[in-house]
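Let me begin by presenting the structure, written as C-alpha cells, before commenting on it.
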C-alpha cells in the first residue's frame, strides 16, 4: 500500500526504532501480528522512564493521590455497568467482494491512501464533475482493472458513465469529492441509494454496523456465557470499582485521586500509525474525586468562578469541578513540558457540546503534532458522578462517602435556608433534565453530609507518549567527518529525564590500559545510580555518533589529561578530571570525577 | 468451606491486606472474580518496589543484561512452536453429580480441606481399615447426608459397607488413607475400577483429561480460527522470539541476558492460596544466553568443572552451562537476601532427572516458607537450546549468532584436531540420543563460528514475591499502652528497600502551628526523593502504631526540642534536630534535619 509522502519522516522513525532497538513488530519472525508491538532494550527503558515520570509526579510527589494496580480481567458486570458491553463499539462495514473490514469513520482516510483513488483524483479533482468521460473510460479499461477491479466503473464502464451523466443532467451531481466515488461505485440507485466503494478493491461495502471493541475471553474451565470475561479496554473502571476499598483503607479525604498505570486492549478494526493506534496499549489514568459543587456551596457559601486570572498552582477549598478541570489541564501541560514536550509540539482541543459524552461536562484533548497528524495524547474529562452512580446502581453497594465538614455546615442552616438551598438545586437540576425526586434525594443526603464524589479524569496513553517523545526528539544533522565529508546523522534529543541511557563512558583509546581501567572505574561508580553505557570500540567520534542516535544526553571521555592534569584553561594542572560532552550542542567541559554523580543526578532527575 | 487451623495466620494476613489497602479481591463490589486480585495503594507501592529492585539488580546494574517489554498477545505460532498449544495443560476431572471441576493433582489437598473428610478421618485414621462399620453407618445416615450426599456410602450405606467388608475379607483392602475414600465412593468395582469421589459432594469424578491453561481470545473483527490468539502464559517466549532483533540492535555479545517483567495469564482450574496461584499474575524473567559447552571447549581447550570451591561472584570465560546455572542460583539468592528474605525463610528444591522437562538439563526451585506451605518463588532452569531451536524451526528464520573468537579458535585447529573434536562431540551427543547427522551439522557450523545460544532462565513471580514479602514481614507484638493495658499489635517488618512508605513525618502536637509548619517543611523536603507520609492526627503512639502496621521503617517526630535545642545528651543545645524512630526496635535517636535525606536514602536504596 503506497503511503503519502508526508509519511517519509515516519518511515525513518519506524526504521530507526527497529535498528536501534526501540520498537519491534510483535512476533516479527512469524510475520508479525497486526496491532501489537514490542519494546526493545532502548524502548523499554524510555517507556519505563516515562512511566516513572508520571507515577512520581502524579502519585509520589503529591499528598492527595494514591496508586492502584488492578487486574486486566475484571468481572463482566463492571463492563455492563460502565456501558462498555452495550455501547463501546466502532461502526464497521464489510466489503461484499473482498470481505475486508473497514472502520466506517476511517473510510475516507483509507480511500485517500489508495493508488486507484490517487490516480482517479488526477482526472477529476478539484471540481467534482469537471471530468472527461473519455478519460474515465480509458482509466476503467486500463489501470482501473488492476487497481479497483470491483468498482462499478471498472466492471461496467459504459453503463456507469451513462448513469452518472444522466444524474448530472438531472442536476443530481455529486456534492463533493467524496461523493463522487460513491457515484463511480453505483450503476444505478438501488433500494439503499448510492453504494460506498471498498477502498481496497472498489467493491460494495455493507451498511455500517456497530462492532464492540472489547477483546473477549473465558475464565474457568468451561467456555460458557457465565464465564465470559473481557480484557479491560481502559484502566479507569477498576479505579471506580475499588473506590470505596481505597477510601476506607487509605486515610484519604476528598478531594483526592487514585491513579493507575497498566495495559488495556481494544480490538481496533484497523490498527494504524505505528504504535499510535494498537490493539494492546498502556494507559496512565488518574481519577480525581471532588465534592459536587452543591457541597462546596453548602460549606463555603459559593463556588469559585473560573476566569483566566485564577491561580491554578495551589488548589483552594472553594473550587468546583470547572476550576479543578482547568487545574488538571495546567498540571498535565506542566508535566509534558517538564519532560521536553513544550508548547511548540502540543495543541489542545476542547470538545464541543455536541461531541461530549452525555455524562461529560467538559473534555479537553491534549494533542501532539505527530508526523502523521496532530493527534490525541491525553484526554482530560470532567465526568460528574456518572461512573460511581453506575457502579453503585449495578452493584447495589453504596459508594457514597461521608463528609463531616459538610454535615456540620448543613447543621448550621435554618430550616428556611435549607428549603431555599433545595429549591435552588431543584431548579438547577431541572434545567439539566433531572427529576424533582432525584434532586430532592440528593439534597436530603447532602444535608446529612453524604454524597457520591464527582470526578476529573486525566487519561494518558503511555505508548502514544513514548512515540511522541521519539518523534519530538528526532532530528537530522549535517556533519562533516574528520575528512571533511558531510554526512547526514540522526540525533535523538530526548530530555535527560526520559533518555533511555543517561550517560556513556568512553576511554579515549582502547589499547591504553590506564585509560580503560579509569573509564571502567567511572562506569562502575555511575551505573549503580543511573543508566550508563560503556563503550571502548571504534573512533571516539563514531562512539559519540552512536550515542547521539540512542539519545544519550551526556558522554564522558577519559583521556590523558585525566592522569597528567588539565593542559590549559581555568583548571589547568588539575588531575582526575574528565571531558563531559553535551549531546545537543557538542559542547565539551571538564569536570572532576567526584563531581560527576551529583552533576548527572541533578540533570537527569 | 472450613480451612484447616494452620491457615489462621493466613487469614490474618488476608484481612490485614484488605484493611490496610495492600490487596483487594478484584471486582469485589460485584462479588469478586475467582483468581484475580487488585493491589491497593500500599500494595501497589510494595509491588513497584520489588519490581524496581529486580529491574535495577538484573538490568541496570549489570553490563550484560538488557530489557524487553513485549506484548501480552503474541502470534499464535509462538505457542505452537513453544509447545504450549499442544501440551500446556493440567489434568482435570469433572464431578458427574455437581459438575464441579477438580484439578486431578490437587484432589487429595482439596479432600483434606473438606468437612466430611475431616469428620470421617476421625472415625478411621490413622489405620486404613481400623474402622467400625457401625460408626460409618451412623455417619452415613446422619452428618454424611448433609456433607457428602452423593457419596456411595451415603446413598447406599448398607450395600457399600458390605462390599467394602467383602473386599477386606478377600485381602483387597485400601492401600492407604487416600484409597480408603475411593472404596467409600464405590459400591462395587465397575468397568473402570474404583470411583474417585468429588471433594465437594462425594459424587463420581470422571477420569482426568488434559485441560489447556492458556486463555483464548480473538483479535480482528471476526471470531475465526485464523484470528485465535492466546494471552501469554509466560513472558519468556517473547524474549526468544525477539532474541535476534535484540542481538542485532543492542551491541551485546554472548554471554548476555534479556529480561522482561510483565503480566501473564493461566486459566487455573482452582486458583488457591490468596494471590499465590491466580489466573492473572506478573512475572520477572531473565533469559541468559551462553555458548554451548562445545564452543567453550574450542576456544578455551576445556570447560570449567563445577565444584563447591568455584568462586561464583565473578563470571569466567571458560564457564559452561553448569557453572552458569549455579551462578544464577547464587545471584538470585543474594537478591532475595538483599530485600530481607534470608536463609531462614528460603529453601531449595533440585528437580530429579525424572521430574525435569525433556529439554531441561537442571532446574532448581527457590522456595519460600509460606504459612500455607513451602512453595515455589522462582525456578532457575538450564534449558539448553531448546527454545531457540523450536522457534528457528517453526519460523524458518535463522536465530544463530556468529562468534568471531570461536571462528578464530577453530581456524587454528589442524584437520586432524577438527576430526577429533567432531568425533568427541558425536560420541557425546550419541549418548544423549542424538543422530550423527545432527552432531555433524552442529560441528560444521560451530567450526565456522556459528551456533544457537543455550539459555539459563531465572524465572520469578512478582505476585508471589509480594506475598512472600508480606508474610515474611508479618509479626505480632504484645505492647503495653500508656495505661499499662497490654494489646496485640501487628507490625510489618519490611526491608526498608521494599517498604511501601519509607518514612512518616509527625508533628508532636497538631495544635502547635510551629510544630506543624516545621513538620510540613520536612515532609516537603523528603517526599520529592522518597515515599513519605504526613500524619498529624491522634496521639503520637497511635500514629506510630498505624505506621508499624503499614510497615514504614522510619518515623520522624518534630517536637519542642526541634526549636528549643536538645535538652540533654551528646548533642545538647543543638537546634533543628528531630527524633527518628526505628520501627523494629522502637529505638529513637536525634538527627539534624539536614542529615535526614542522606540517612534515609542510604537506608532505603
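Chains as they are written, first to last, in our numbering: chain Z, 1 to 605; chain V, 606 to 1210.
By construction, the Cβ of each residue, glycine as well, lies at the ideal position given by its N, Cα and C atoms.
DSSP state of residue i mapped onto helix, strand, coil
i	result
residue 964/V	coil
residue 974/V	strand
residue 1198/V	helix
residue 819/V	coil
residue 3/Z	Caution applies to residue 3/Z, whose pLDDT of 40 falls short of 50 and renders its modelled position unreliable; the model cannot decide the point.
residue 999/V	helix
residue 602/Z	helix
residue 810/V	strand
residue 1054/V	coil
residue 772/V	helix
residue 1082/V	strand
residue 540/Z	helix
Beta-carbon gap between residue i and residue j smaller than 8 Å
i	j	result
residue 328/Z	residue 458/Z	yes
residue 646/V	residue 895/V	no
residue 1067/V	residue 1108/V	no
residue 1011/V	residue 904/V	yes
residue 640/V	residue 873/V	yes
residue 1167/V	residue 1182/V	yes
residue 446/Z	residue 295/Z	yes
residue 1142/V	residue 1115/V	yes
residue 206/Z	residue 97/Z	no
residue 664/V	residue 864/V	yes
residue 548/Z	residue 491/Z	yes
residue 473/Z	residue 551/Z	yes
residue 359/Z	residue 384/Z	yes
residue 889/V	residue 649/V	no
residue 238/Z	residue 399/Z	no
residue 119/Z	residue 143/Z	yes
Alpha-carbon to alpha-carbon, residue j and residue i
i	j	result
residue 739/V	residue 769/V	13 Å
residue 396/Z	residue 256/Z	24 Å
residue 123/Z	residue 8/Z	25 Å
residue 20/Z	residue 363/Z	37 Å
residue 708/V	residue 1184/V	55 Å
residue 695/V	residue 440/Z	57 Å
residue 32/Z	residue 1206/V	44 Å
residue 1123/V	residue 566/Z	46 Å
residue 667/V	residue 1029/V	36 Å
residue 541/Z	residue 605/Z	27 Å
residue 302/Z	residue 368/Z	37 Å
residue 394/Z	residue 173/Z	52 Å
residue 254/Z	residue 243/Z	12 Å
residue 546/Z	residue 507/Z	15 Å
residue 524/Z	residue 633/V	48 Å
residue 402/Z	residue 247/Z	11 Å
residue 595/Z	residue 1201/V	22 Å
Contact belief for residue i with residue j at Cβ below 8 Å, rounded distance in angstroms
i	j	result
residue 950/V	residue 683/V	That belief does not hold up - the Cβ atoms of residue 950/V and residue 683/V are roughly 36 Å apart, past 8 Å.
residue 50/Z	residue 465/Z	5 Å
residue 820/V	residue 217/Z	5 Å
residue 642/V	residue 880/V	5 Å
residue 471/Z	residue 599/Z	With a Cβ gap of about 29 Å, residue 471/Z and residue 599/Z do not count as contacting.
Chain C contact for residue i (CB, 8 Å cutoff)
i	result
residue 1079/V	Protein chains in the displayed structure are Z and V, and chain C is not among them.
- Message: Could you check whether the segment 1017-1025 of chain V touches the segment 1101-1108 of chain V, counting it as contact only if at least three pairs of C-beta atoms, one from each stretch, sit closer than 8 Å?
- Response: no
- Task: Could you say if the segment 1035-1043 of chain V and the segment 924-938 of chain V meet the contact criterion of at least three C-beta pairs nearer than 8 Å?
- Result: no
- Message: Any contact between the segment 672-685 of chain V and the segment 22-29 of chain Z? By contact I mean 3 or more CB pairs, one from each, below 8 Å.
- Response: yes
- Give a yes or no on contact between the segment 796-808 of chain V and the segment 829-849 of chain V, applying the rule of three or more CB pairs nearer than 8 Å. no
- Task: Could you tell me whether the segment 175-185 of chain Z touches the segment 142-155 of chain Z, where touching means 3 or more Cβ pairs closer than 8 Å?
- Result: Flag = yes, the segment 175-185 of chain Z and the segment 142-155 of chain Z touch.
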